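To keep things clear, I will list the structure first and then write my remarks on it.
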Amino acid sequence: MLDVDPDPAAPYEPIEAPQDLIDRITAAVPELAGMGWLATCSTSSAIRSKATGEWLKPPSGMHVYFLARGDVDQFVKTMKVRLWRAGLGFCKLATPNKATGVAAVLERAIVDMTVFSPERLDYVAGAEIPSNAPFYQDRPDPILTPGHVVDLDSIARPTPAERRDYRQRVADAKRALQPEREHIIAERCRAESPAADTATVKRTVKQRLAQAEAGELEPDHTLYLKDGRVLAFGDLTAADDGVTLFDPLEGTSYQCTAYYHWNKGYPFIISLAHGLKTRYRLKITHAVRQARAKAFFARTAEDIALKQPQLIVLRAPEGTGKSKYLLTPALNAADRGVTITHRINLSAENAANAERVDFYQHIQTQADANQCDKLSVCLNSLSKTLYRFSPAMSQPDIVVIDEFEQVLHDLALSSTITKPGAIFDTLIELLKRTLANGGQIYLADANANDETIALIQVLLKHDATVYKFEQPRPDVEIVIKDYEAGLEELLQACSSSRVAVGAASRKVLEQLAAKIPKTQRTLLVTQNTKGLPEVAEFLLNPNAGVDSLDCLLYSPTLGTGISIESDRFEHVFYIATDPLTAEDWLQGARRVRPAQKVTVLLRQVTGSNDLLTDPGEILSRRETRARYEWRDGAITAVGIDALIVVKEAQQNRLKRNPKQSLIDLCKARGFTVTVDNDAPKNKELVKQLNADHQHAKRRA
0 MLDVDPDPAA PYEPIEAPQD LIDRITAAVP ELAGMGWLAT CSTSSAIRSK ATGEWLKPPS
60 GMHVYFLARG DVDQFVKTMK VRLWRAGLGF CKLATPNKAT GVAAVLERAI VDMTVFSPER
120 LDYVAGAEIP SNAPFYQDRP DPILTPGHVV DLDSIARPTP AERRDYRQRV ADAKRALQPE
180 REHIIAERCR AESPAADTAT VKRTVKQRLA QAEAGELEPD HTLYLKDGRV LAFGDLTAAD
240 DGVTLFDPLE GTSYQCTAYY HWNKGYPFII SLAHGLKTRY RLKITHAVRQ ARAKAFFART
300 AEDIALKQPQ LIVLRAPEGT GKSKYLLTPA LNAADRGVTI THRINLSAEN AANAERVDFY
360 QHIQTQADAN QCDKLSVCLN SLSKTLYRFS PAMSQPDIVV IDEFEQVLHD LALSSTITKP
420 GAIFDTLIEL LKRTLANGGQ IYLADANAND ETIALIQVLL KHDATVYKFE QPRPDVEIVI
480 KDYEAGLEEL LQACSSSRVA VGAASRKVLE QLAAKIPKTQ RTLLVTQNTK GLPEVAEFLL
540 NPNAGVDSLD CLLYSPTLGT GISIESDRFE HVFYIATDPL TAEDWLQGAR RVRPAQKVTV
600 LLRQVTGSND LLTDPGEILS RRETRARYEW RDGAITAVGI DALIVVKEAQ QNRLKRNPKQ
660 SLIDLCKARG FTVTVDNDAP KNKELVKQLN ADHQHAKRRA
């Protein structure tokens with residue numbers, strides 16, 4: 000069926016008669032010429048006055064039916080391209096949303112392209128009008144034109160060039176409506192906040208448009224339910240799963256049905272407004288993430304209290320509050336316990352955030368240790384005699400290993416661990432003693448690896464209970480390109496936009512900082528600047544003053560659980576360098592949580608196919624190595640081999656082809672990945688940046 004409804008926004012002359020429609024359609028799609036068709040006018044039109052005979056609502060709109068066989072879906076795609084290229088397509092604005100002022104951009108054509116969906120029903124009967132009404136319906140007779148049945152599969156599909164032309168025409172039509180669209184939102188913003196300055200209004204307009212394009216709605220977005228309730232999106236709960244409502248953007252002004260889905264705490268709405276199936280999801284703000292995480296950890300704590308598992312593995316993303324909501328309360332509830340980390344500052348934080356927990360560096364004498372019921376200790380000090388005989392370690396009710404994958408990685412492979420065998424033995428003995436005494440072990444990490452978990456179960460001869468906190472699929476694009484190919488784009492963004500740049504390399508950050516114009520308000524956060532008051536303040540509360548910045552250059556290794564929740568930044572970059580792995584890079588790249596696009600620049604990243612990735616093969620190669628170490632004045636056999644080979648294999652898998660490892664990891668986490676291998680490289684710009692940095696160092 001070809002459905003025609005007159006639209007004042009259409010750029011072409013109105014359709015006067017069915018034959019006029021057929022002539023225009025066959026000019027765009029010649030393969031339809033000679034088909035048979037039957038035409039009727041709209042069932043809600045052709046209304047006359049009984050008293051005067053005048054048209055109260057003249058005949059308008061039409062339904063033209065034809066018989067066809069073949070692929071209807073492909074026909075619709077082809078026809079849309081043909082009609083737009085013939086000048087018979089246009090875009091229009093829907094009714095602006097009451098709350099935000101955002102009007103959806105609707106793609107239209109001379110005929111309604113949505114009626115071809117198989118679930119559509121066509122009501123063709125005339126209007127039911129009471130006999131005493133002062134008007135009546137006077138529909139003209141249908142028009143029947145004989146012809147053949149259309150073979151849809153014989154219609155030539157659009158060429159790539161034709162599809163590109165169609166997409167360009169649609170983009171141009173949408174672009175032409177953008178000023179009007181922005182003006183409507185701006186007027187709504189000014190009505191809401193009359194004192195707002197121009198810059199604030201522009202920023203709000205941009206944010207609302209970006210959010211609408213992404214299909215996101217704020218938690219406080221008002222929804223009108225069909226049962227009469229009016230609620231904010233964020234206030235709907237699991238009990239509301241499946242309820243019907245009006246379109247989230249059109250509200251009660253548009254009669255259609257939408258459906259709410261709880262989706263395990265990450266809800267979305269499916270609307271059928273304007274004949275389109277549109278998906279709106281709840282914007283996952285920091286508050287929403289924290290609420291969902293808090294609820295998950297509360298359920299986990301209840302399950303642990305009920306089932307009393309002894310070996311507990313917690314896999315939850317960074318920044319979800321696993322320490323705050325689960326690990327710290329568990330430690331507080333115990334009489335004696337140990338929390339182990341791989342970093343001194345993390346150990347200090349864990350001690351400060353818990354009750355009656357001693358930070359290991361504060362214990363100076365054996366008398367202090369004898370009074371220590373709860374200890375926060377860094378891995379490399381775990382085997383020291385001073386701590387080993389404290390009540391915390393000799394009779395623990397609980398052992399917490401925070402970021403346990405990194406703890407075990409450092410234990411197996413870090414050159415800073417001088418006696419890994421002794422520490423490994425101490426750790427395993429501690430864990431076994433905890434299990435034997437009926438205590439509990441918590442192993443927490445965002446990247447908890449099944450292979451590592453399996454190894455721990457073998458070493459401890461105890462099955463683990465794993466709790467996983469699943470975040471929603473992120474609507475984030477990760478663009479991957481070489482540093483030399485993306486540096487110019489990065490510098491341009493830093494010169495004129497609001498940009499966040501992460502890099503583990505202090506040198507790279509310093510080079511960039513030197514190139515940023517002084518007019519850009521910039522904060523450089525590295526090991527060298529962490530003593531500055533503004534940097535120290537940032538590390539205490541990263542979100543407090545970030546909205547006053549134009550450029551944030553940060554090292555993601557500073558601080559624990561730091562995340563930027565502001566949508567201040569227009570561009571987010573991360574510069575990936577050796578020796579970090581794809582997991583480290585992705586963690587650093589995602590520090591700015593609201594960013595929907597992150598560009599990762601690979602700087603001097605190399606791999607090697609010679610790296611072994613099979614633990615068994617690595618173990619066989621280690622047979623020729625020294626398997627002893629000097630401990631307590633004697634030669635002692637090392638029992639850490641199993642951990643070393645597993646961790647070495649895991650690391651080698653990431654390092655063998657670092658770029659591909661990053662691509663695979665991003666895809667596994669649900670990100671959209673774009674790999675730009677074609678961008679031209681600007682090696683001279685990199686050389687100039689290095690030369691300027693060296694010159695600045697000499698001058699300093």
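Heads up: the sequence shown is residues 0 to 699, going by numbering that gives the first Met the number 0.
Using N, Cα and C, we set each Cβ at its ideal position, and we do this for glycine too.
Bear in mind the structure is a predicted one, so any value in this text is a computation, not a measurement.
Residue i classed as buried or exposed, judged by whether at least 16 other C-beta atoms fall within 10 angstroms
{"i": "Ala625", "result": "Residue placement at Ala625 is flagged as unreliable, the pLDDT there being 48, under the threshold of 50; a coordinate-derived value is accordingly withheld."}
{"i": "Ala8", "result": "exposed"}
{"i": "Pro679", "result": "exposed"}
{"i": "Thr623", "result": "For Thr623, the predicted model reports a pLDDT of 42, less than 50, meaning its position is unreliable; a value from the coordinates is still stated below. Classification of Thr623: exposed, given that the 10 Å Cβ count is below 16."}
{"i": "Cys255", "result": "exposed"}
{"i": "Thr77", "result": "buried"}
{"i": "Ser44", "result": "buried"}
{"i": "Asn96", "result": "buried"}
{"i": "Arg207", "result": "buried"}
{"i": "Gln190", "result": "The sequence given here places Ala at residue 190; Gln does not occur at that position. Ala190 is exposed by the Cβ-count criterion."}
{"i": "Thr236", "result": "exposed"}
{"i": "Asn651", "result": "buried"}
{"i": "Met34", "result": "buried"}
{"i": "Tyr553", "result": "buried"}
{"i": "Ala572", "result": "Looking at the sequence provided, one finds Phe at residue 572 rather than Ala. So Phe572 ends up on the buried side."}
{"i": "Gly318", "result": "buried"}
{"i": "Cys40", "result": "buried"}
Residue range of the alpha helix (DSSP H) that includes residue i
{"i": "Ser660", "result": "657-667"}
{"i": "Val720", "result": "This structure cannot settle anything about residue 720, because the visible part of the chain is limited to 0 through 699."}
{"i": "Leu407", "result": "403-412"}
{"i": "Ala492", "result": "482-495"}
{"i": "Gly336", "result": "Note, Gly336: premise wrong, no alpha helix (DSSP H); beta strand (DSSP E) at 336-340."}
{"i": "Gln394", "result": "Looking at the DSSP string, Gln394 is not in any alpha helix (DSSP H), and its letter there is neither H nor E."}
{"i": "Lys682", "result": "682-698"}
{"i": "Tyr11", "result": "Note, Tyr11: premise wrong, no alpha helix (DSSP H); not H, not E."}
{"i": "Lys517", "result": "It is not in any alpha helix (DSSP H) - Lys517 carries neither H nor E in the DSSP assignment."}
{"i": "Ala26", "result": "17-27"}
{"i": "Ala588", "result": "581-588"}
{"i": "Thr384", "result": "384-387"}
Whole-angstrom C-beta distance between residue j and residue i, which should lie under 8 Å
{"i": "Cys550", "j": "Ile574", "result": "14 Å between Cβ atoms; not a contact."}
{"i": "Glu616", "j": "Arg592", "result": "The pair is not a contact, with the Cβ atoms about 40 Å apart (cut-off 8 Å)."}
{"i": "Cys188", "j": "Ile477", "result": "So it is not a contact: roughly 32 Å between Cβ atoms."}
{"i": "Glu186", "j": "Gly100", "result": "7 Å"}
{"i": "His692", "j": "Gln510", "result": "5 Å"}
{"i": "Gly320", "j": "Ala292", "result": "5 Å"}
{"i": "Ile268", "j": "Ile479", "result": "At roughly 33 Å, the Cβ-Cβ gap does not stay under 8 Å, so Ile268 and Ile479 are not in contact."}
{"i": "Lys263", "j": "Leu244", "result": "Incorrect: roughly 20 Å between the Cβ atoms, too far for contact."}
{"i": "Asp240", "j": "Tyr259", "result": "7 Å"}
{"i": "Thr612", "j": "Ala581", "result": "In fact, because the Cβ distance is near 14 Å, the residues do not count as touching under 8 Å."}
Residues bridged to residue i (per DSSP)
{"i": "Gln210", "result": "In the DSSP output, where bridge partners are listed per residue, Gln210 has none listed."}
{"i": "Tyr259", "result": "Ile268"}
{"i": "Gly88", "result": "Ala108"}
{"i": "Val599", "result": "Ile479, Tyr573"}
{"i": "Ser68", "result": "One detail in the question is off: residue 68 reads as Arg in this sequence, not Ser. In DSSP, Arg68 forms a bridge with Asp150."}
{"i": "Asp2", "result": "His62"}
{"i": "Leu551", "result": "Ala499, Leu522"}
{"i": "Glu215", "result": "Arg280"}
{"i": "Gln136", "result": "Ile46"}
{"i": "Leu374", "result": "Val337, Asp357"}
Host beta strand (DSSP E) of residue i (start-end)
{"i": "Ala671", "result": "Looking at the sequence shown, residue 671 is not Ala but Thr. Unbroken beta strand (DSSP E) run through Thr671: 671-674."}
{"i": "Gln365", "result": "Where Gln365 is concerned, there is no enclosing beta strand (DSSP E), although the alpha helix (DSSP H) it sits in stretches over 365-369."}
{"i": "Ala575", "result": "570-575"}
{"i": "Val534", "result": "No beta strand (DSSP E) holds Val534; the alpha helix (DSSP H) holding it covers 532-539."}
{"i": "Arg47", "result": "46-48"}
{"i": "Leu31", "result": "First-last for Leu31: undefined, no H or E at that position."}
{"i": "Lys56", "result": "54-56"}
CB contact check: residue i to chain C, cutoff 9 Å
{"i": "Thr433", "result": "Judged by its chain identifiers, the structure shown contains no chain C, having just a single protein chain."}
Write down every uninterrupted run of the beta strand (DSSP E) in the segment 408-476 whose length is 3 residues or greater and which is fully enclosed by it, in chain order.
439-443, 464-467
Minimum length 4: unbroken alpha helix (DSSP H) runs contained in the segment 140-206
159-191
Taking only runs that begin and end inside the segment 267-342, name each unbroken alpha helix (DSSP H) of 4 or more residues, in chain order.
285-306, 327-332
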